[in-house]
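Presented below is the structure to which this report refers.
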Amino acid sequence: MNISNERWIRDVVVEILGEEPATISDGENLFEAGLDSVGLLRLVNRLRRGGLQVSFGDLAREPTLAAWDRLVGSEKAADDGAEPASGHAADAPDEGEANSEPTQLGVMQHAYWVGRSAGQRLGGVAAHLYAEFDHPPTATDPAIDANRLKAALERVLERHETLRTRITSDGRQEVLAKLSAALAVHDMRGHSQADVQDHLSRMRDAFSHQALDIDNGEVMSVALTLLPDGATRLHLDVDMIAADAVSYRILLADFAALYGSPSLNLPPLGLNYRDYLAGTRSGHAKRVHQAAEAWRERLPTLPGAPILPEVIEATSRDATPRVARRHLWLAPGQKQQLTEIARRNGVTVAMTVATVLSEVVGHWSTTDHFLLNVPMFDRAANHPDIDRIVGDFSSSVMLEVDLRQPLTFVDRVRALQARMHADAAHASHTGLDVLRDLGRQRGETVLAPVVFTSALGLGELFAPDVTAVVGRPVWVISQGPQVLLDAQVTEFEDGLLVNWDTREDALAPGVVDAMFTAFEQVLHKVIDEPAAWNRPIRISTANAQRRRSGDRDVRIVDAAGCDRPDHVAGRLLFAGEDEQGRRPWGRADESGGVRLLGDDDDRVDVHGIPVWPVEVEDAIRSDGRIGEVAVVRHDESLVAVVAFEPSTEADTRMTGKAFRAQLARRIPSHLLPSRIIVVDRLPRNADGGANSDALDRLIWAKSERSDHVAPRTDLERVLAGAWEEILGLENIGVNEEFIALGGDSLLAARVVSRLREELDTNAVTLRALFRSPTIAELADQLRKDGDPARLDEVASIVLEIRAMSDDEVASHLGETASDTSSRKTGTAA
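Sequential numbering from 10 applies to the sequence shown in the numbering used here.
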């Protein structure tokens, strides 16, 4: 194939758009013609498979056929050559080849695995997608045959190795040669309607929030309920560590085909997921380096996550996190209206919906400059079977949303789309990489818990061939770790389905309902009122007229004078007072009460987020052990002085750093004081209030003293040695936090793997490291969980080995082998 052939490029574009060739002119803006980001990614991959290494950004900058013809023929495109991602047919494994050696996880797989650990904020959640399908009664009873269902599942497991993959304790994946399909069948045909509904409710609740046993290869859970009238309900749960949203469609299509035709032999796959990952790791180094540099240049100005109203107490509970779903379906006619108006304005439907989401999130966020987490589905490999294998091919882009300047809606969408195209051009440095870079720069974990997922361009969520076999979908929900809100848009029943999956327990009461209502209103407005595109979006605030501070009516407004919603900080505007001049800050709750925060002199900006001492005090008080707390502004940061309740069992040796590390697992990072000082009691004035002068002197005195504590035991020295080598640091103190030292989840996994091997113990886990993030805490935890005497003995041996040269280690190993051989043969060495 000659990839420079202009006709071939046109044919590919026409195929993706589903248009007639004659309807697309050379100079037409293809985004206006209906091309979206998913379609553009497909085009990039088709071009790369033909040998041309162009990027998403190359094509997005000037989206016309004429420009792409020039790009294809240009010297730049020809010289930009990188080796196509491996996975070519020549590299494919032999049919049935098994690989018992564990391999590395993909980028998102690793994030999902780490996120299962409850020892971190918004963690303890398995990333999975659960769906229920109802099949109506048929001539046969039941509608779905359990034996035939299990046989089809067995063949799907055999075909797709990721569905029989276990995740090892050190965070690698191992393909199991054989794994039997587990199918639970619940026969409710002889039960009352009440019993049936109770059973179905319990099944939905259990499946929606479960964590599959991925340690033992359980990445898919399937159950079948036989209903009294001959109908069936199929329950299907898949862990995203094994299959992304596109792969979910593939495995369903394969299952439906094999169930419908049991004798069918699907074409063999010449590529597996392991080889795909190996190929992407050995891909174009130049492109990856350029992408990383582009993002690192932006780090100083990049914002963090939107600051939504969270419930601090909820994040500290040990109960299973709860995700709830809200949905909105746009009928085919509404979808067509939205598509046409988006095209007329030169934007995509996906970016239109993303902008509506951004406006709503910004209205409920303390900051109007934030990152939106946008997943990408990019199967970048030069292999004909790449679109037929199951795995996690997703990555993400950290999309910068800037609402600081008032813009019309159409200008807002265009700006966000331009930013998305520019950022996607550097997607080789993934969104997770960007978050890790930000975390290292700031010395804290940086999250992006608001997600926008567009599956537009991928076709129907559940294809007709699938629903004909398994039935109509009646319930779908997904959840993921470290996510507050995941908004998804996909094609469903010829219309558009928008889902919101939210951490209901982590957000303030009423917030999600109010946000989703506003989202519906704004989306319908931009569909039904073309003139709305030429005005800024205005979101009305419920309850704004019934707020009171003391005996006075008050409004809480943003910089533009618009009312703030409940739980979001703004300036107080009292009834009857002039709007000019300095105004204190506050926030309202759902009852209409107002919490005073302070004025501008009290405020500290933490990475662009306004924070007041009283907010930090409230967050710290959520720890039941705290008796007294005062937060003071000190050198443009906030320092907390705390005293524990005498009646609590708080460790009397608890340092400020150790307590801060515990808080970091429970409260948002912007509410973490830069330092915490632990005292027996707070200094007080005669009137009982905190003595600010005495607090200032205490903070200055503590600042002048070094709190560095060197490792004191062999175990602490072993831990410190591993941290220092992997973090690239020296002289780490036992009270310094892993994240504050520049650690992240990838480095944490390396530390865990290293220490498990050196100390010969399974007690070292990611959960343990996140829950005990200092050397002193981790050492104490390991001694509690294991045999302290054995740990001390092993640690001593490790230190001896570390002190040896390579030659000494080799010599020692040789002597040991010789001694062993002599004992076996009964001869002297």
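Backbone N, C-alpha and C define an ideal beta-carbon position, used for all residues, glycine too.
Quantities reported herein were computed from a predicted structural model and do not represent experimental measurements.
Would you mind working out which of the options sits nearest residue i, comparing C-alpha positions?
i      : options                           : result
THR526 : ASP442, LEU808, TRP509 and ILE486 : TRP509
GLY288 : THR112, GLU513 and ASP432         : THR112
LEU308 : TYR268, ARG445, GLN671 and LEU243 : ARG445
ASP377 : HIS435, THR348, PRO393 and ARG413 : ARG413
GLY480 : VAL577, GLY519, PRO151 and TRP542 : PRO151
ALA359 : LEU506, ARG213 and GLY636         : LEU506
ASN843 : LEU286, ASN391, THR174 and ARG213 : Outside the modelled stretch of the chain, which goes from 10 to 838, sits residue 843, for which no answer is possible.
THR439 : SER270, ASP567, HIS119 and THR241 : HIS119
LEU532 : ASP789, ALA699, PHE418 and ASP204 : PHE418
ASP45  : ILE18, LEU465 and GLU306          : LEU465
LEU188 : ILE321, PRO545 and ASN225         : ASN225
ALA161 : PRO146, ALA186 and PHE264         : PHE264
HIS244 : SER256, ASP253, SER230 and ALA251 : SER230
Spatial neighbours of residue i within its chain, please: CB distance less than 7 Å, with the 5 preceding and 5 following residues excluded, ordered by chain position.
i      : result
ASP88  : Low confidence applies here, because ASP88 scores a pLDDT of 43, under 50, leaving its location unreliable; read the following figure in that light. Once the five neighbours on either side are set aside, ASP88 has no close Cβ partner at all.
ALA75  : ASP35 and GLY36
LEU207 : It is worth fixing the name first, because residue 207 is Asp in this sequence and not Leu. No residues qualify anywhere along the chain.
PRO102 : Here PRO102 scores only 45 on pLDDT, less than 50, and its place in the model should not be relied on; the value that follows carries that caveat. Closer than 7 Å at Cβ, skipping near neighbours: ASN281 and ASP284.
ASN694 : ASN700
ALA155 : LEU192, VAL194 and LEU233
Counting along the chain, where does the alpha helix (DSSP H) carrying residue i start and finish?
i      : result
HIS616 : Where HIS616 is concerned, there is no enclosing alpha helix (DSSP H), given that its DSSP letter is neither H nor E.
MET197 : Per DSSP, MET197 belongs to no alpha helix (DSSP H) and is neither H nor E.
ASN382 : Element bounds for ASN382: not the alpha helix (DSSP H) but the beta strand (DSSP E), 378-386.
ILE741 : No alpha helix (DSSP H) contains ILE741, which DSSP labels as neither H nor E.
GLY43  : Premise fails: GLY43 is in no alpha helix (DSSP H) and is neither H nor E.
SER754 : 754-768
ARG397 : Counting along the chain, ARG397 falls outside any alpha helix (DSSP H), and DSSP gives it neither H nor E.
ALA333 : Careful: ALA333 lies outside any alpha helix (DSSP H), inside the beta strand (DSSP E) at 332-339.
LEU3   : Any answer about residue 3 is impossible in this case: the structure gives the chain only from 10 up to 838.
PHE668 : 665-673
ARG175 : ARG175 -> not in any alpha helix (DSSP H); beta strand (DSSP E) instead, spanning 174-176.
Quick check on the burial criterion: 16 or more other C-beta atoms within 10 angstroms. Buried or exposed for residue i?
i      : result
ILE25  : buried
TRP338 : exposed
SER201 : exposed
GLY90  : Note that GLY90 scores a pLDDT of 39, beneath 50, so its modelled location is shaky; the value from the coordinates is reported in the next line. The residue is exposed, with fewer than 16 neighbouring Cβ atoms inside 10 Å.
HIS144 : buried
PRO458 : buried
HIS298 : exposed
ALA433 : buried
GLU141 : buried
ARG564 : buried
ASP575 : buried
SER374 : buried
Once you ignore the five residues that flank residue i on each side, which residues in its own chain have a CB closer than 6 Å to its CB?
i      : result
GLU106 : Unreliable positioning characterises GLU106 in this predicted model, as indicated by a pLDDT of 47, which lies under 50. A coordinate reading is not provided.
THR834 : Only weak support is given to the placement of THR834: the predicted model assigns it a pLDDT of 42, under 50, and the value that follows is read from those uncertain coordinates. Contacts found: none.
TYR139 : PHE216, SER217, ASP246 and ILE486
ALA220 : ALA135
PHE501 : LEU470
ILE5   : Within the shown structure, residues of the chain are numbered from 10 to 838, placing residue 5 beyond reach of any answer.
GLU767 : VAL807
ASP705 : none
ALA193 : ALA232
ILE735 : LEU756, ARG759 and VAL760
LYS711 : ILE686
Among residues of its own chain, excluding the 5 on either side of residue i, which ones have a beta-carbon nearer than 8 Å to its beta-carbon?
i      : result
ILE784 : PRO720, GLU725, LEU728, ALA729, TRP732, ILE741, GLY742, VAL743, ASN744 and GLU745
THR454 : GLN129, ARG130, GLY448, ALA673, SER678, ILE748 and ASP753
ASN274 : none
ASP801 : THR722, ASP723 and LEU724
GLU739 : GLU733
LEU791 : LEU724, LEU768, THR770, ALA772, VAL773, ALA777 and LEU800
GLY569 : With the sequence shown as reference, residue 569 is identified as Ala, and Gly is not the correct amino acid for it. Hits under 8 Å: PRO415.
SER851 : Missing from the structure shown is residue 851; the chain here goes from 10 to 838 and no further.
What residue range does the beta strand (DSSP E) around residue i cover?
i      : result
PRO482 : 481-488
TRP373 : Looking at the DSSP string, TRP373 is not in any beta strand (DSSP E); the run it does join, the alpha helix (DSSP H), is 358-373.
SER217 : Looking at the DSSP string, SER217 is not in any beta strand (DSSP E); the run it does join, the alpha helix (DSSP H), is 202-217.
THR234 : 229-235
PHE583 : 579-583
LEU494 : 494-501
SER463 : 459-463
Of all the alpha helix (DSSP H) runs that stay within the bounds of the segment 503-559, which reach a length of 4 or more residues?
520-537
Residue ranges of each beta strand (DSSP E) within the segment 111-159, 3 or longer:
137-144
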